[in-house]
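Following: one structure in structure tokens, then a few remarks.
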Amino acid sequence: GFAWVPLLKDGRIITFEQQLPVSANLPPGYLNLNDAESRRQSNVDIKWVDGAKPLLKIKSHLESTIYTQDLHVHKFFHHCQLIQSGSKEVPGELIKYLKCLHAMEIQVMIQFLPVILMQLFRVLTNMTHEDDVPINCTMVLLHIVSKCHEEGLDNYLRSFIKYSFRPEKPSVPQAQLIHETLATTMIAVLKQSADFLAINKLLKYSWFFFEIIAKSMATYLLEENKIKLPRGQRFSEAYHHVLHSLLLAIIPHVTIRYAEIPDESRNVNYSLASFLKVLAEYKFEFLQTVCNHEHYIPLNLPMAFAKPKLQRVQDFFSFAVDRLTSVDSNLEYSLSDEYCKHHFLVGLLLRETSIALQDNYEIRYTAISVIKNLLIKHAFDTRYQHKNQQAKIAQLYLPFVGLLLENIQRLAGRDTLYSCAAMPNSASRDEFACGFASPTSRGSLSTDKDTAYGSFQNGHGIKREDSRGSLIPEGATGFPDQGSTGENTRQSSARSSVSQYNRLDQYEIRSLLMCYLYIVKMISEDTLLTYWNKVSPQELINILILLEVCLFHFRYMGKRNIARVHDAWMSKHFGIDRKSQTMPALRNRSGIMQARLQHLSSLESSFTLNHSSATTEADIFHQALLEGNTATEVSLTVLDTISFFTQCFKSQLLNNDGHNPLMKKVFDIHLAFLKNGQSEVSLKHVFASLRAFISKFPSAFFKGRVNMCAAFCYEVLKCCTSKISSTRNEASALLYLLMRNNFEYTKRKTFLRTHLQIIIAVSQLIADVALSGGSRFQESLSIISNFANSDRPMKATAFPTEVKDLTKRIRTVLMATAQMKEHEKDPEMLIDLQYSLAKSYASTPELRKTWLDSMAKIHIKNGDFSEAAMCYVHVAGLVAEFLHRKKLFPNGCSAFKKITPNIDEEGAMKEDAGMMDVHYS
């Protein structure tokens, strides 16, 4: 038998269940027999089986990219088809069908997304006989965009804009284009004060509409061949006015309603910036293309042919005179108009970069990348490999240093350093790497970059605050945001919250510092000295701060840390570990891919990890090698520069016996080498430099305040516990040299200051739980004792005996520490041991204060606040007694008898020469 069924009914595919009669034959005209009524009235000779009973049950399932089962979508497209075929439009009919589209299901919306969106854009531009059509059409677009975002399917919208959306010319004469109509309707939606829900959605998902407008504008310029017209003539005055009105409509929602709708105002602010930043991106693409010209360097040199003949002759003679003198007295080191005239391209690039650094992340990233890539290109340009040629190229970029000084707060401010040092286990600080290398200048400190730099002293900086604390200059003259008053604090925090968007991240800081290091390393010493002499005292300190910041941001973090950071990143973004070989199924693939690309770009081209989710041990080892080489290169460059600076500014550094801001900053940089992880090779040079530093500036260590001597002892003692034997040997020798120089400085009487500060430093290290590796430390003490016993010039003096006494006292402290280790889980016993130790130092105020502070910390940790307060009462009594004996305070420790009778213990201090080194107030 035969049965048949129509596919369409009222233009729609039939998918419901049907029961059909079966025919034994198929006579002509059988297709007219679709229902029982037509079968009764038909004259067709047909033989039905079993009296035309419904014997066959059938149900069809639709699989189509053309036909839809959704009634609302079907009616909308059917109506649009009728109008396009020439049917007369019924007023209000199209608006009715547009409003019905709000009820379509999400799966239908996604299945036919490009077709629906393109049809809506056609309606927007062509079917505008009714005033309400464009606004209703825009509301449907807004509904679709918001639904896609709510379902996490916004990647389909991005794909539509990139691949499917192509603006069509309106078929109706004088009709507006998509970018014109859409901008107008967006203004209309934003001004509808009643519909807050629609306004908030438009603000939140404004990126889609701005992207559509931008692509429509670009297509219009290309297709109408208006790209070559002057900028002001490309679009009509009316459209300029519409864009201006759109901007004015958006601004109040950002500036006034940001507290009410934070997400929406942030999103529209970002979308608007993205819409406008296209121009800035084009600008830097243009600059990058021009700067990549093969004759870029000659193009930046002053052009003689642009001047009259007489002027050229005069310039030649002045040039000859300049060559005879050490350095050009008119050194161009700022972005002045004169500089930009002489060096047009680099001047233009630096000025645009200066402006870009105040912009959003994408613009900053583009600008920084252009300059960094350009300097890398110069460094490897085979035409300019001579030392003098590289020096001249570096001199060309000298105003870049001034640009960094203008942004010093963002590079070395307290917020910047705390944000990247507060979380030692976070990827934000550690995942950035770089593989910058360049021809060597002042090559005495250069090493082979193709091999590993020996083993690394990883983990020196246990107290992370030490690594950043010295980066803020005394008096905070260069940092106006810092202040001690509550008002200043509030202003600073408010400013910080506002400027969060404009804060530089670690990749940007490292890239800028890399450029700074290239300039400092390659420029000639004469030019560098001239530059240092020209800048103001505060700028000079800020230049040194930049060197210290370099050591902080390029410190070596260790291979295990690199592997851990990479694993954490993979786990965060892909939910897998390094051993996994498969990619998970991702719903929002574009978002993940964007994050992956950002990660790869932030790691720089040197991070040669596979672009798959799997990473081998060899990749991790290679990355550790690159980071180690970079840390060493940075360390040697900074050491070379600071050594040259110390040599040139010795008289200024010796002002006030070495107690001045400039000396403090130079000393901080020397200590920063020990605080931040360095390679074994660079540490050898660092220790050599420190030995020279002690010999050059003994008064800074052994006269006046003890700050420098105290900090120095603390850091060098930490090195004495290093796992690397060469580092321990160097640190022990340096400590011995400090004691010997102190002994010589006092005309061979005593080295009491160093003796006291070493004991205090050991006590602090124990209190800070930073004195690990007891056996290694004992070995370092033995090395110091051996030095003293074998030092022939000192045999006939009291020096060896004093050294022996010092090592004995240190070992006593260490024994007490070992006992404390045994009782670390018994707080009462631990405190009792610390109290005994503090009592044994009753005669030495500084040491007693150190142990009283340590006791207070343990009490606070255990929640024993009354006992902690009593420790601080004893500290106060100790200071009062000291000041009373110096005739600087009316009462001694007895003034505290009303609080505790035990305060008399603080009267046991001895008035020996050691008290001269104590500075209480």
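Using the UniProt record's numbering, read the sequence shown as starting at 1 and increasing by one per residue.
Heads up, the beta-carbon is just placed ideally off N, CA and C, and yes, glycines get one too.
Spatially closest choice to residue i from the options, by CA coordinates
i, options, result
"Ala631", "Leu814, Val549, Val666 and Arg564", "Val549"
"Leu411", "Ile110, Ile545 and Ile355", "Ile545"
"Lys839", "Ser689, Pro827, Asp50 and Glu905", "Glu905"
"Pro170", "Asp70, Glu525 and Ser216", "Ser216"
"Phe693", "Cys720, Glu730, Leu738 and Lys703", "Leu738"
"Val565", "Ala624, Cys709, Ala391 and Lys684", "Ala624"
"Ile408", "Ile620, Ser354 and Pro890", "Ser354"
"Tyr205", "Phe751, Leu141, Thr15 and His859", "Leu141"
"Asn729", "Ile541, Tyr397 and Glu779", "Glu779"
"Leu734", "Lys88, Val706 and Ile783", "Ile783"
"Ile187", "Glu237, Ile251 and Val875", "Ile251"
"Gln652", "Val666, Gly1, Asp640 and Leu639", "Val666"
"Gly859", "Pro28, Pro827, Val873 and Glu352", "In the sequence as displayed, the identity of residue 859 is His instead of Gly. Checking every option, the nearest Cα to that of His859 belongs to Pro827."
"Lys147", "Asp131, Arg166 and Ala103", "Ala103"
"Ala111", "Lys825, His670, Lys283 and Ser64", "The sequence shown places Gln at residue 111, not Ala. Measuring from the Cα of Gln111, the nearest candidate turns out to be Ser64."
"Cys756", "Ala238, Ala711, Lys795 and Arg776", "The question names Cys, but residue 756 is Leu in the sequence shown. The shortest C-alpha separation from Leu756 is found at Ala711."
"Glu105", "Ser85, Ile144, Phe787 and Asn126", "Ile144"
"Phe76", "Lys898, Ala367, Lys53 and Val115", "Val115"
"Cys80", "Asn126, Met109 and Gly907", "Asn126"
"Asp657", "Ala672, Leu626, Lys696 and Ala259", "Lys696"
"Gly51", "Gly1, Tyr745 and Asp10", "Gly1"
"Tyr507", "Thr754, Ser265 and Glu362", "Glu362"
"Glu130", "Gly29, Glu168, Tyr163 and Val90", "Val90"
"Ile766", "Lys749, Ser854, Lys747 and Phe687", "Ser854"
Close-in-space but distant-in-sequence residues of the same chain around residue i (CB under 7 Å, 5 per side omitted)
i, result
"residue 922", "Because the chain is modelled from 1 through 921, residue 922 falls outside the range shown and cannot be assessed."
"Asn660", "none"
"Trp851", "Ser763, Gln834, Leu837, Ala838 and Tyr841"
"Thr900", "Met870 and Val873"
"Ser643", "Ser689"
"Arg691", "Leu734 and Leu737"
"Leu547", "Val638, Thr641, Ile642 and Ile669"
Cβ pair residue i, residue j closer than 8 Å
i, j, result
"Leu830", "Met815", "no"
"Leu781", "Arg811", "yes"
"Arg364", "Leu374", "no"
"Thr68", "His74", "yes"
"Leu182", "Thr138", "yes"
"Gly892", "Glu881", "yes"
"Gln395", "Ile523", "yes"
"Phe160", "Leu124", "no"
"Gly402", "Ser511", "no"
"Leu405", "Thr527", "no"
"Ile14", "Leu20", "no"
"Leu101", "His72", "yes"
"Leu345", "Leu299", "yes"
"Val49", "Val22", "yes"
"Leu398", "Ile519", "yes"
"residue 926", "Ile46", "An answer regarding residue 926 cannot be provided, because it is not within the stretch 1 to 921 covered by the chain."
"Ile758", "Cys713", "yes"
"Cys291", "Val172", "no"
Nonlocal neighbours in the same chain, by C-beta distance under 6 Å from residue i, ignoring five residues either side
i, result
"His611", "Low confidence applies to His611: its pLDDT is 40, below 50, so where it sits in the model is not reliable, and the reading given next is rough at best. If we look at His611 and ignore the five residues flanking it on each side, it has no Cβ neighbours."
"Ala3", "Leu20, Val22 and Leu56"
Contact set for residue i: own chain, Cβ-Cβ below 8 Å, skip 5 residues either direction
i, result
"Asn136", "Ile95, Leu98 and Lys99"
"Gln18", "Val5, Lys57, Ile58 and Lys59"
"Glu338", "Glu332"
"Arg234", "Leu221, Lys226 and Ile227"
"Ile903", "Val873, His874, Gly877, Cys893, Ser894, Phe896 and Lys897"
- Query: Hey, which unbroken runs of the alpha helix (DSSP H) at 4 residues or more fall wholly within the segment 211-258?
  - Reply: 237-255
- Message: Contact between the segment 150-167 and the segment 192-201 is defined here as three or more beta-carbon pairs at a separation below 8 Å; is this criterion met?
- Response: no
- At a cut of 8 Å, does the segment 287-294 reach the segment 238-252 through at least three beta carbon pairs? no
- Scan the segment 88-151 and note each continuous beta strand (DSSP E) run of 3 residues or more that stays entirely inside, going in chain order. none
- Message: I'd like to know if the segment 719-727 and the segment 694-703 are in contact, where contact means that at least 3 CB-CB pairs between them fall below 8 Å.
- Response: no
- Residue ranges of each alpha helix (DSSP H) within the segment 663-691, 4 or longer: none
- Query: Hey, which unbroken runs of the alpha helix (DSSP H) at 4 residues or more fall wholly within the UniProt domain "C2 DOCK-type" (1-63)?
  - Reply: 36-41
- Message: Suppose only complete runs of 4+ residues qualify. What are the alpha helix (DSSP H) ranges in the segment 620-660, listed by chain order?
- Response: If only uninterrupted alpha helix (DSSP H) runs of at least 4 residues are considered, those enclosed by the segment 620-660 are 650-653.
- Message: Just to confirm the assignment: which complete beta strand (DSSP E) runs, minimum length 3, are found wholly within the segment 325-369?
- Response: none
- Go through the segment 787-839 residue by residue and report every complete run of the alpha helix (DSSP H) that reaches 4 residues or more, in order. 799-822
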